[in-house]
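Numbering-wise (my numbering), the sequence shown opens with residue 504 and increments by one. Just so it is clear, CB atoms sit at the ideal spot from N, CA and C, and this is done for glycine as well.
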Amino acid sequence: MMPINPSVAVAVVAGAVLAPGSTAITSQSAERATVPLIVLMSRPFVDLTFHRPDRSVRTARFLVDSGGGGFILTETLARDLHLSWGKPAREEGAEFANVTSPLAVSLGDLPLDLNPGRIIVQMGSGGILPPAAGAQAEGMLPGHVLAKYRAVFDYPGGTFTLARPGAFTPIGEAFPMPVNGKSGFGRTEVMLDGEGVVEAVLVAERQLIPELLVALGRRHAGLVPDVREVGELHTGSLPQ
Numbered sequence: 504m505m506p507i508n509p510s511v512a513v514a515v516v517a518g519a520v521l522a523p524g525s526t527a528i529t530s531q532s533a534e535r536a537t538v539p540l541i542v543l544m545s546r547p548f549v550d551l552t553f554h555r556p557d558r559s560v561r562t563a564r565f566l567v568d569s570g571g572g573g574f575i576l577t578e579t580l581a582r583d584l585h586l587s588w589g590k591p592a593r594e595e596g597a598e599f600a601n602v603t604s605p606l607a608v609s610l611g612d613l614p615l616d617l618n619p620g621r622i623i624v625q626m627g628s629g630g631i632l633p634p635a636a637g638a639q640a641e642g643m644l645p646g647h648v649l650a651k652y653r654a655v656f657d658y659p660g661g662t663f664t665l666a667r668p669g670a671f672t673p674i675g676e677a678f679p680m681p682v683n684g685k686s687g688f689g690r691t692e693v694m695l696d697g698e699g700v701v702e703a704v705l706v707a708e709r710q711l712i713p714e715l716l717v718a719l720g721r722r723h724a725g726l727v728p729d730v731r732e733v734g735e736l737h738t739g740s741l742p743q
């Protein structure tokens, strides 16, 4: 279990809420890529590069969702890439279809290893996120893809790194994080003030951070978290 100091937890939240400035790519190779991490409305986004058969490229902004299952593209993006897909099916109020044509996509210079059976088109003219989200994306980079790599979210530095296993040695102390083999969902356990455990799925929809704030709020009267439906995080200050 990972001990968290209350002030550190708030610093993490601040780093996630405040969008970092534009950051140049710091390193790229066939084994790893580091690209700007764009944080909008507390959600992490990256730009992916799609390679068409005619060698032209198309850049698209994707939500990095470590709790997501399918590699999802909007219908607009799929049409722009000249993709083909099967018969749509309705799920949770939206229509989705499996892509049936090859798809080549990379993060920087790192080609992404995608499961062809889990590449999905979200039908319709809108983006991936609901209008109330306050930010939009043309697709979703999900947990089952991230699970094939080392993924580093550097919120203070404004960068996101994906690397093949063994491409670099992580800095710091490692803690266990069970990952579901099918979904790619990771889980973490966090100890607060030496007692009590908060366990949450690590997802882009900020499930972990609000749970940390609520737990901190129970222990520190000066910290008053407010997690609203649209996902904005509003924090009070810790007692001195």
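Consult DSSP for residue i and reduce its assignment to one of helix, strand or coil.
i	result
D657	strand
L580	helix
G611	coil
R621	helix
A635	helix
I575	strand
A707	With a pLDDT of 41 at A707, under the threshold of 50, the predicted position of this residue should be treated as unreliable, though the coordinate-derived value follows. In this structure, A707 counts as coil in the three-state DSSP scheme.
A592	strand
G629	coil
E676	coil
A536	strand
G669	coil
Quick one: using the 10 Å Cβ neighbour count with 16 as the cut-off for buried, is residue i buried or exposed?
i	result
D616	exposed
E578	buried
H647	buried
D557	exposed
G642	buried
S569	buried
G675	exposed
A663	Strictly speaking, residue 663 in this sequence is Phe, with Ala absent from that position. Classification of F663: buried, given that the 10 Å Cβ count is 16 or more.
P547	buried
G630	buried
Could you name the residues of the same chain whose beta carbon sits closer than 8 Å to that of residue i, not counting the 5 residues immediately before and after it, in chain order?
i	result
A600	W588, G589, K590, P591, A592, I623, V624 and M626
D583	R561
V549	V538, P539, L540, I541, R564, F565, V567, L610, L644 and F663
T672	none
Are residue i and residue j close, meaning C-beta to C-beta below 7 Å?
i	j	result
A640	F574	no
G611	A536	yes
P645	G572	yes
V542	T552	no
A650	V682	yes
A677	E534	no
Quick one: give me the first and last residue of the alpha helix (DSSP H) that residue i is part of.
i	result
G646	G646 to L649
If you follow the beta strand (DSSP E) that residue i is in, where does it begin and where does it stop?
i	result
V542	I541 to L543
R561	V560 to D568
T552	R546 to H554
E598	A597 to N601
G666	The question names Gly, but residue 666 is Ala in the sequence shown. Residues T662 to A666.
Within its chain, find whatever has a CB closer than 7 Å to the CB of residue i; leave out the 5 residues flanking it on each side and keep chain order.
i	result
S604	L586 and S587
L580	A563, E641 and G642
G518	At G518 the pLDDT is 31, less than 50, meaning the model places this residue with poor confidence; the figure from the coordinates comes in the next sentence. Cβ within range, chain order: Y658 and P659.
Take residue i and list the residues in its own chain whose beta-carbon comes closer than 6 Å to its own, dropping the five residues that flank it on each side.
i	result
A527	Bear in mind that a pLDDT of 40 at A527, under 50, signals an unreliable position, so the model cannot answer this.
L576	V624 and G642
D793	Outside the modelled stretch of the chain, which goes from 504 to 743, sits residue 793, for which no answer is possible.
A607	H554
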